[in-house]
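Number of protein chains: 2
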Amino acid sequence: MTDVANAGDGENASAPATAKAAPKDPWALPDVSHLVVGVLGGTGDQGRGLAYRLARAGQRMILGSRAADRARTAAAELGHDVEGADNAECARRSDIVIVAVPWDGHAEILQSLRADLAGKLVVDCVNPLGFDKQGAYALAVPEGSAAQQTAVLLPESRVTAAFHHLSATLLQNPDIEEIDTDVMVLGDSRADTDIVQALAGRIPGVRGVYAGRLRNAHQVESLVANLISANRRYKAHAGLRITDV
Amino acid sequence: MTDVANAGDGENASAPATAKAAPKDPWALPDVSHLVVGVLGGTGDQGRGLAYRLARAGQRMILGSRAADRARTAAAELGHDVEGADNAECARRSDIVIVAVPWDGHAEILQSLRADLAGKLVVDCVNPLGFDKQGAYALAVPEGSAAQQTAVLLPESRVTAAFHHLSATLLQNPDIEEIDTDVMVLGDSRADTDIVQALAGRIPGVRGVYAGRLRNAHQVESLVANLISANRRYKAHAGLRITDV
Chain A
41 MTDVANAGDG ENASAPATAK AAPKDPWALP DVSHLVVGVL GGTGDQGRGL AYRLARAGQR
101 MILGSRAADR ARTAAAELGH DVEGADNAEC ARRSDIVIVA VPWDGHAEIL QSLRADLAGK
161 LVVDCVNPLG FDKQGAYALA VPEGSAAQQT AVLLPESRVT AAFHHLSATL LQNPDIEEID
221 TDVMVLGDSR ADTDIVQALA GRIPGVRGVY AGRLRNAHQV ESLVANLISA NRRYKAHAGL
281 RITDV
Chain B
41 MTDVANAGDG ENASAPATAK AAPKDPWALP DVSHLVVGVL GGTGDQGRGL AYRLARAGQR
101 MILGSRAADR ARTAAAELGH DVEGADNAEC ARRSDIVIVA VPWDGHAEIL QSLRADLAGK
161 LVVDCVNPLG FDKQGAYALA VPEGSAAQQT AVLLPESRVT AAFHHLSATL LQNPDIEEID
221 TDVMVLGDSR ADTDIVQALA GRIPGVRGVY AGRLRNAHQV ESLVANLISA NRRYKAHAGL
281 RITDV
């Protein structure tokens, strides 16, 4: 049942127009085309896919990796002026930093980059999953979710979560023009989630949709286990659309 | 990243046709039009909405409630030959039993109906959520999820989970012909999830999509917190579609 919140949200459509400002249009998103976007773990499938798609849309992108030479090699393969750097340089030179590292190593890498990521808009897209013979399943995270762990480890950064449900295969396929999916964006600052929604919307076919505060990131991250189950059953690259929005 | 599962799923498209049976069409679902469907907690918004929609589609429905007279009153209001009964009679007379009771009371009600629900196909649609000034959030469930709690409490029943993301407001609105959403269906028996997918598909506009085993129910249940956040931001009745499936 998804209707609970419409009761008591404090909006009163019959109030005089002068009594309070009109609610902000949730689709009025900022221009982010001038921002530099880094991808930590950028040599993995998800990181390369996101960097490729965003660079192709005209975003200035920097791939980050533990080893700068590996990042530069991967960046050169992507074209579209993508640069490569070690993770620390990638973080320092970027306005927005997407965290696409493996869950195993997530905490360690972020801890080591705390100073480099201070003040940055950090977008965690990591899905803490386990795998066994029955497929994928959600891992318990002591902080609640990967994104909340990031917020704990990076108190000077602006932490959001997004880009969990995009198929790395589709992102990387140059023959695919549009990706048919919404990106759920989570965070506690509307200014920051607006920026991330705008960034998601740079990818043709994709729409960034606000989907709640960081405390509700766990289910968005672990829903990837369900999409993997659907992929198996239907031989697909499943994504998600939010309807009526 | 949702692509992991396509590796190593054991299918081999180049194997001779005679070597093994063709994979079953995942959209070849059984005819469920003859089955009687009960709804425990059928006098709540979600229960009434589901019963109304399914009855309108021609399904024989029984509303269950703690008090038979309340169930009968609610059933009469819905029309479409919906019947009312106390929860135990509703369970006994139904082939499929949808659990739409409040989370607070979920375990107690199911424990009391264990014998009545033996052998039945049980569909849990309960979302364990808490609410505070910042909106909705997922509650921790000792068994993992409401659906897994049901499976523990009803060892003689066939437990599945579905119908979490349908707006009760839309379900109950007689002017709305179609509901634009997929229903994620979870369970460990393919025969049972196929039946529930077919049942979901009886509602115009709705498609039942397999979305994994019961151990992956928690994130599907608690994703309702995110849809509630989207509803607040966009003044909507959000649902979900799975793309590329």
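Protein sequences appear in the order of chains A and B.
Residues in the first sequence are numbered from 41 upward in steps of one, following the working numbering.
Residues in the second sequence are numbered from 41 upward in steps of one, following the working numbering.
Cβ coordinates follow ideal geometry from the N, Cα and C atoms, glycine included.
Tell me the DSSP secondary structure of S269 (chain A) in three-state form.
helix
Between A:R88, A:R273 and A:D71, which has its C-alpha nearest G241 (chain A)'s C-alpha?
A:D71
Proximity of A201 (chain B) and L226 (chain B) at Cβ, strictly below 8 Å:
yes
Chain-ordered chain A contacts of N213 (chain B) [CB-CB under 8 Å]
Under the 8 Å cutoff, chain A gives no residues; its nearest Cβ is about 11 Å from N213 (chain B).
Same chain only: Cβ atoms within 6 Å of G48 (chain A), ignoring 5 sequence neighbours per side:
The predicted position of G48 (chain A) is uncertain, since its pLDDT is 37 and thus under 50; a value taken from the coordinates is nonetheless stated next. Answer for G48 (chain A): no residue qualifies.
How many Å lie between R253 (chain B) and M224 (chain B) at the Cα?
C-alpha separation (whole angstroms): 11 Å.
I want to know whether the segment 245 to 252 of chain B touches the segment 209 to 225 of chain B - three or more CB-CB distances under 8 Å.
yes
Compare the C-beta of T221 (chain B) with all C-beta atoms of chain A and state if any pair is closer than 8 Å.
yes
Which value, in whole angstroms, describes the spacing of the CA atoms of Q188 (chain A) and S134 (chain A)?
21 Å
Enclosing alpha helix (DSSP H) for D232 (chain A) [first to last residue]
R230 to A240
Please state whether DSSP places S152 (chain A) in a helix, a strand or coil.
helix
Could you tell me if G159 (chain A) is buried or exposed, where buried requires 16 or more neighbouring beta carbons within 10 angstroms of its beta carbon?
Classification of G159 (chain A): exposed, given that the 10 Å Cβ count is below 16.
So who's on the other strand from S105 (chain B), going by DSSP bridges?
B:D126
Would you mind stating whether S262 (chain B) and G175 (chain B) have Cβ atoms separated by less than 8 Å?
no
By the 10 Å Cβ neighbour count, where 16 or more other Cβ atoms means buried, how is R230 (chain B) classified, buried or exposed?
exposed
What is the C-beta distance between I219 (chain B) and I243 (chain B), in whole angstroms, given that I count them as a contact (C-beta under 8 Å)?
6 Å
In terms of residues, what are the limits of the alpha helix (DSSP H) holding R96 (chain B)?
D85 to R96
How would you call P195 (chain A), buried or exposed, if buried means at least 16 neighbouring beta carbons within 10 angstroms?
P195 (chain A) should be labelled exposed.
By the 10 Å Cβ neighbour count, where 16 or more other Cβ atoms means buried, how is P331 (chain A) classified, buried or exposed?
With chain A represented from 41 up to 285, any question about residue 331 (chain A) goes unanswered, as that position is not in the structure.
D284 (chain A) touches chain B at which residues, Cβ-Cβ below 7 Å?
D220, A276, H277, A278 and G279
Label S9 (chain B) either buried or exposed according to how many other C-beta atoms from any shown protein chain fall within 10 Å of its C-beta, with 16 as the threshold for buried.
The requested residue 9 (chain B) does not occur in the structure, where chain B is confined to residues 41 to 285.
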